[in-house]
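The structure under discussion appears below in the form of C-alpha cells.
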Amino acid sequence: MKKILQFFAITLAVLPMIASAHGPTRQSVKESVFINASPEKVWAVVSDFSAIDKWLPPVASVEMLSDTERKLTLKSEGHPTITEKLEKLDNDKMMLIYKIEDMSVIKTITFNSKDTPYYTLPVNNYKSWLSVKAKDGGSEVTWKGKFYRSFLDNPPVPEGQSDKDAVNAIKGVYTSGLNNLKAILEK
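Positions -21 to -1, 1 to 166 (mature numbering (1 follows the signal peptide of the UniProt record, and there is no 0)) are the ones given, in order, by the sequence shown.
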C-alpha cells in the first residue's frame, strides 16, 4: 500500500511539469450573429469563396490561385497575405470548411537567442467552419475556428504571441466580419 501511495504522490508532483512542457494547447473561437435575411440570401454571400473581401473589413483583395485556394491581401501596413484552402463546401447544409495554408511574415525578432517570426495572424494550424441556419424568420451565421498560437515552443512566450493574443485576434476577425455581413445584408 505504501508503494502505491508513493507512486501517486510522485505522479501528482510530476504531472504539472509534464503538462507545462508540451507547448501550446489547441484554442477555439466561436461567434454567431443573427441576420434578418433568408438563409439562401446569406449563404449566397458567405459561400462565395472568392468574394470574402466584399464583407470582411480587413481584406483588401482576393486572388483565386485555384478553384479551392485563395490568397487574401490585407489592408494593414505592408499588405500582408494569407493563403487559405477550401476543404469542403456543402450547399445543402450551408456550411464550408477551410484552413490557412500560409501567411506572410510581418517581422522577425530574436527571442531566447532564436529568430522568431511574427505572422499575419498569431495562429498556427488554423481550421475554420462557417455555417448558415434558418432562425426566427432570418438566419444565424456561425463562424468557428480551432488553432494553436503561432509560437509553438514552451513558455516564456514573446509579446503578442500568447494563446490569449491568438484568441483575441481571431475573435476580432470573426466579430468584424459577422457584424459587417449583417450590416450589408440587412440594408
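The C-beta atom is built at its ideal place from N, Cα and C for all residues, glycine as well.
Three-state secondary structure assigned by DSSP to residue i
i: Val136; result: coil
i: Ala16; result: coil
i: Asn147; result: helix
i: Trp34; result: coil
i: Ser(-2); result: For Ser(-2), the predicted model reports a pLDDT of 48, less than 50, meaning its position is unreliable; a value from the coordinates is still stated below. Note: Ser(-2) maps to helix in three-state DSSP.
i: Leu44; result: strand
i: Asn104; result: strand
i: Gly156; result: helix
i: Lys161; result: helix
i: Asp71; result: coil
i: Asp142; result: helix
Top-ranked residue by Cα proximity to residue i, from the options
i: Glu119; options: Pro134, Trp108, Pro18 and Thr4; result: Pro18
i: Phe164; options: Trp34, Lys86, Ser29 and Ser55; result: In the sequence as displayed, the identity of residue 164 is Leu instead of Phe. It is Trp34 whose Cα lies nearest to the Cα of Leu164.
i: Pro59; options: Thr99, Thr87, Asp115 and Lys20; result: Thr99
i: Ser55; options: Gly117, Ile61, Glu66 and Pro37; result: Pro37
i: Val12; options: Pro101, Tyr77, Thr47 and Lys114; result: Lys114
i: Ile85; options: Pro101, Ser107 and Leu75; result: Pro101
i: Pro3; options: Ala148, Asn104, Met73 and Asn158; result: Asn104
i: Ser29; options: Ser92, Asn15 and Lys64; result: Lys64
i: Lys72; options: Ile149, Leu131, Asp32 and Val111; result: Val111
Buried/exposed call for residue i, threshold 16 Cβ in 10 Å
i: Thr89; result: exposed
i: Lys161; result: buried
i: Met43; result: exposed
i: Asp144; result: buried
i: Leu53; result: buried
i: Leu51; result: buried
i: Leu131; result: exposed
i: Ser45; result: exposed
i: Leu92; result: Position check: residue 92 holds Ser in this sequence, whereas Leu was assumed. Counting Cβ neighbours within 10 Å, Ser92 comes out exposed, since fewer than 16 surround it.
Cα-Cα separation between residue i and residue j, rounded to whole angstroms
i: Arg5; j: Tyr127; result: 5 Å
i: Arg49; j: Ser40; result: 10 Å
i: Val8; j: Gly124; result: 5 Å
i: Trp122; j: Tyr153; result: 7 Å
i: Leu(-7); j: Asn133; result: Because the pLDDT at Leu(-7) is just 46, under 50, the model does not fix this residue reliably, and the point stays unresolved.
i: Lys78; j: Gly117; result: 28 Å
i: Glu66; j: Trp108; result: 10 Å
i: Ser83; j: Leu68; result: 26 Å
i: Gly57; j: Lys166; result: 32 Å
i: Thr87; j: Glu10; result: 31 Å
i: Asp27; j: Gly151; result: 21 Å
Closer than 7 Å: residue i CB and nearest the ligand ADP heavy atom
i: Glu48; result: No copy of the ligand ADP occurs in the structure displayed, which carries no ligand at all.
Worksheet item: Counting pairs of Cβ atoms below 8 Å between the segment 140 to 151 and the segment 16 to 31, do you hit three or more?
Response: no
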